[in-house]
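Structure, as structure tokens:
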Amino acid sequence: MSFTTISVIGLGYIGLPTAAAFASRQKQVIGVDINQHAVDTINRGEIHIVEPALGNVVKMAVEGGFLRATTTPVEADAYLIAVPTPFKGDPTLTWPMWKPRRNPLRRY
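All you need for this note's numbering is the position in the sequence shown, starting with 1, plus 242.
Laid out in structure tokens, this is it:
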């Protein structure tokens, strides 16, 4: 199965390296994050997290046109969701970052 575009939702310590890995294989990757600073930093070809060697991969991917970031989800062929999933005291997952807003992924 081949995907033309991949959307990675959440560009933190899991999502950004994953997005960069796909982009380094010349896949069209759209990264989505609610943090405007993270989005702006990535679109400059820089990184907002500490991860050895990732900065070079992101820079090459952005300059090559394979990676871009946005705060708004867009349609893609495949989606990977890499957002925090904190636990309460029991095994119930909580989604505190999604509670104040409507789920922007619902239409996809």
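The beta-carbon is built from N, C-alpha and C at its ideal position, and this holds for glycine as well.
Using the C-alpha atoms, what's the distance from Ile289 back to Ala408? As shown, the chain starts at 243 and ends at 350. That puts residue 408 outside it, with no answer to give.
Closest by CA to Val316, which one among Leu258, Ser244, Ile256 and Ile272? Taking the sequence shown and counting its residues from 1, the one referred to as residue 316 is at position 74. That would be Ile272, whose Cα lies nearest to the Cα of Val316.
CA-to-CA distance, Asp319 to Ser249, given in whole angstroms: Numbered from its first residue, the sequence shown carries residue 249 at position 7. Numbered from its first residue, the sequence shown carries residue 319 at position 77. About 8 Å.
Determine the direct distance from the alpha carbon of Ser244 to that of Asn298, and round the result to whole angstroms. The residue given as residue 298 occupies position 56 in the sequence shown. The residue given as residue 244 occupies position 2 in the sequence shown. C-alpha separation (whole angstroms): 26 Å.
Ile251 and Val274 closer than 8 Å at C-beta: The residue you call residue 251 lines up with position 9 of the sequence shown. The residue you call residue 274 lines up with position 32 of the sequence shown. In terms of Cβ geometry, Ile251 and Val274 form a close pair [threshold 8 Å].
Along the chain, where does the beta strand (DSSP E) that runs through Thr247 open and close? Looking up residue 247 in the sequence shown gives position 5. Taken as a continuous stretch (DSSP letters only), the beta strand (DSSP E) holding Thr247 covers Thr247 to Ile251.
Check for me: the alpha helix (DSSP H) holding Ala263 runs from which residue to which? Along the sequence shown, one-based indexing puts residue 263 at 21. Following the DSSP letters along the chain, one finds Ala263 inside the alpha helix (DSSP H) bounded by residues Gly257 to Ser266.
According to the Cβ coordinates, are Pro259 and Leu309 closer than 8 Å? Taking the sequence shown and counting its residues from 1, one reaches residue 259 at position 17. Taking the sequence shown and counting its residues from 1, one reaches residue 309 at position 67. No, they are not a contact pair.
Please state if the CB of Thr312 and the CB of Ile276 are separated by a distance shorter than 8 Å. The residue you call residue 276 lines up with position 34 of the sequence shown. The residue you call residue 312 lines up with position 70 of the sequence shown. Contact: no.
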